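Student:
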Amino acid sequence: MNKRSKGIALAVITAVMWGIMGIFVRDLSKYQFSNIEISFFRCALAGAAYFVFLLITKPAALKINLKGIIICIVYGAVAYSISFVSYSVAVSRIPVGVATVLMFMSPIWVAILGRFMFGEKLEKSKIITIFVCLIGAILVANLIGGGNIKLDAIGILAGVVNGIGVALQILLPKFFAKDYDRDTLLVYGFLGAAVALLFGMDFGAVAEHFAAAPVTNLLWDLFGIGIFCTMVANVACVKSTQYVEATTTSILSALEVVVGTLVGFLVFHEHLTILQMIGAVIIVVGAIGSELVQGKKKTEFKK
53 MNKRSKGIAL AVITAVMWGI MGIFVRDLSK YQFSNIEISF FRCALAGAAY
103 FVFLLITKPA ALKINLKGII ICIVYGAVAY SISFVSYSVA VSRIPVGVAT
153 VLMFMSPIWV AILGRFMFGE KLEKSKIITI FVCLIGAILV ANLIGGGNIK
203 LDAIGILAGV VNGIGVALQI LLPKFFAKDY DRDTLLVYGF LGAAVALLFG
253 MDFGAVAEHF AAAPVTNLLW DLFGIGIFCT MVANVACVKS TQYVEATTTS
303 ILSALEVVVG TLVGFLVFHE HLTILQMIGA VIIVVGAIGS ELVQGKKKTE
353 FKK
C-alpha cells in the first residue's frame with residue numbers, strides 16, 4: 053500500500069468511526085448523561101488509552117515542555133471540547149443525518165482556514181468534489197425530500213460549530229507539526245480537553261447516571277465513544293494528513309454522512325428515501341472516486 057492509499061484508508065476509517073458515534077451518544081443520553089459529561093468521557097478515555105499505548109510503543113512522544121503542554125491544552129479545549137459538546141448537542145436536537153451533513157461542512161472550513169494558515173491553493177477539482185459531495189450530503193439528509201424534519205436553531209448552530217471544530221482537529225496538528233509530534237499533540241490534546249470539560253461536570257449527577265445505567269450497556273457505550281469513535285477515529289484522521297492533503301482527508305470524511313444516515317435507518321429506524329440513496333451514491337463516487345482518479349494521475353505523472 054503506497055502512502056496515498058494509506059492516507060485514504062485512514063480517512064475512511066475516520067469517517068466510519070465518526071458515522072457510528074450517534075449510536076453510543078444517543079444511548080448514553082437515554083440514561084440522562086449530559087452533553088458535557090459525554091464529551092468529558094470521550095476525551096478522558098481516549099487520552100488515557102492513547103497515553104498507555106504511547107508509553108508502551110513510543111515513549112518519546114510523551115516528552116514535552118511547559119510551552120507544549122499549554123499549546124496542547126488550548127488545542128484540546130478548542131478543537132475537541134467545543135467540537136465534541138456541539139456534536140452531542142446537535143444529535144440530541146436534530147436528526148443524525150442533518151448533524152452529519154453540518155459536520156461535513158468541515159472541508160469548506162479546512163479550505164478557508166488552510167488558505168490563511170498555510171497559503172494553500174484549492175484545486176478546481178477539489179472545489180468540484182466538495183460541491184458534489186455537499187449535494188449528495190443534502191440529499192442524504194433529506195433536506196429537499198419533503199420529509200417531516202424537525203430542526204431547531206440551537207441544533208443547527210451546534211452542527212456548524214462542530215464542523216469548524218473538526219476542521220481545526222485536522223489543521224492544528226499540521227500547523228504545529230514542525231515543533232511537536234502529532235502523537236504528542238493528540239494525547240495531550242485529549243487530556244487537555246478532558247481537564248477543560250471538568251469545569252462543567254456535576255459528579256453527583258454522574259454518579260446517579262452510572263447507577264441508573266445497566267453495566268454492560270454503560271461499558272460498551274463508553275468504550276465506543278472513547279476508544280472507537282474518538283481515539284481510533286481522531287488518530288486515524290491526524291495520521292491521514294501525513295500521507296494526503298488536509299483537504300483530501302476532510303473530503304473523504306463525507307463518507308461519515310453515508311454511515312451516519314445508515315445508522316439512523318438501521319438502528320433508529322429513521323426513514324430512508326430514494327433521494328437519500330441517490331445522495332449516498334453521489335457521496336461515495338464523489339469522495340472516493342475523485343481521490344482514486346487523482347492518485348492515478350499523480351502516478352502516471354511520476355512515470
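According to my numbering, the stretch in the sequence shown is residues 53 to 355, in order.
Ideal Cβ placement from N, Cα and C applies to all residues, glycine included.
All values derive from a computational prediction rather than experimental measurement.
(1) With Cys185 as the anchor, note down where its alpha helix (DSSP H) starts and where it stops.
(2) Taking one C-beta from the stretch 217-236 and one from the stretch 157-176 each time, how about it: are there three or more such pairs within less than 8 Å?
(3) Can you give me the start and stop residues for the alpha helix (DSSP H) that Ser302 sits inside?
(4) Measure the beta-carbon distance from Gly237 to Cys95 and round it to whole angstroms, keeping in mind my assumption that it falls under 8 Å.
(5) Pick out whichever of Phe136, Met155, Thr313 and Tyr240 has its Cα sitting closest to the Cα of Ile330.
(6) Under the assumption that Gly71 contacts Thr181 (Cβ atoms under 8 Å), give the Cβ distance between them as a whole number of angstroms.
(7) Counting only runs of 4+ residues fully inside the stretch 252-279, write out the alpha helix (DSSP H) ranges in chain order.
(8) Along the chain, where does the alpha helix (DSSP H) that runs through Lys230 open and close?
(9) Counting along the chain, where does the alpha helix (DSSP H) carrying Gln294 start and finish?
(10) Along the alpha helix (DSSP H) that carries Gly71, what are the first and last residues, could you check?
(11) Quick one: what's got a C-beta closer than 8 Å to Val126's C-beta in the same chain, skipping five residues either side?
(12) For Thr268, which residues in the same chain have their Cβ closer than 7 Å to its Cβ, ignoring the five residues on either side in sequence?
(13) Determine the DSSP secondary structure at Pro159, reduced to helix, strand or coil.
(14) Under three-state DSSP, which class holds Asp79?
(15) Which residue's Cα is closest to the Cα of Phe103: Val213, Ile116, Tyr240 and Val137?
(16) So, for Met169: in the same chain, excluding its five sequence neighbours on each side, which residues have a beta-carbon less than 7 Å away from its beta-carbon?
(17) Using only alpha-carbon positions, find the residue among Val296, Phe92 and Ala151 that is nearest to Val64.
(18) Quick check on the burial criterion: 16 or more other C-beta atoms within 10 angstroms. Buried or exposed for Asp231?
(19) If I'm right that Val141 touches Ala189 with Cβ under 8 Å, what's the distance once you round it to whole angstroms?
(20) For Asp235, which three-state DSSP category applies?
(21) Please check the pair Gly59 and Ser292, which I expect to be a contact at CB under 8 Å, by giving their CB distance rounded to whole angstroms.
(22) Just checking, does the stretch 75-94 make contact with the stretch 130-141 on the three C-beta pairs under 8 Å criterion?
(23) Indicate, with yes or no, if the ligand PLP has a heavy atom lying under 7 Å from the CB of Ala113.
(24) Taking the alpha helix (DSSP H) that Gly128 belongs to, which residues open and close that run?
(25) If distances are taken between C-alpha atoms only, which option among His321, Leu318 and Asp233 comes closest to Ala113?
(26) Expressed to the nearest angstrom, what Euclidean distance is found between the alpha-carbon atoms of Arg56 and Gln294?
(27) So what's Lys110 in DSSP terms, helix, strand or just coil?
(28) Rounded to whole angstroms, how far is the Cβ of Gly215 from the Cβ of Leu307, which I believe are closer than 8 Å?
Tutor: Reading off the structure:
(1) Lys176 to Val192
(2) yes
(3) Ala298 to Leu304
(4) Per the sequence presented here, residue 237 reads as Leu, with Gly not at that position. About 14 Å; that fails the 8 Å criterion.
(5) Thr313
(6) No, Gly71 and Thr181 are not in contact; Cβ-Cβ is about 19 Å, not under 8 Å.
(7) 255-264 and 267-275
(8) Premise fails: Lys230 is in no alpha helix (DSSP H) and is neither H nor E.
(9) No alpha helix (DSSP H) contains Gln294, which DSSP labels as neither H nor E.
(10) Lys55 to Gly71
(11) Gly244
(12) none
(13) helix
(14) helix
(15) Tyr240
(16) Leu223 and Phe227
(17) Val296
(18) exposed
(19) Rounded, the Cβ-Cβ distance is 20 Å, inconsistent with contact.
(20) helix
(21) 5 Å
(22) yes
(23) The ligand PLP is not part of the structure shown, which contains no ligands of any sort.
(24) Careful: Gly128 lies outside any alpha helix (DSSP H) and carries neither H nor E.
(25) Asp233
(26) 9 Å
(27) coil
(28) Incorrect: roughly 15 Å between the Cβ atoms, too far for contact.
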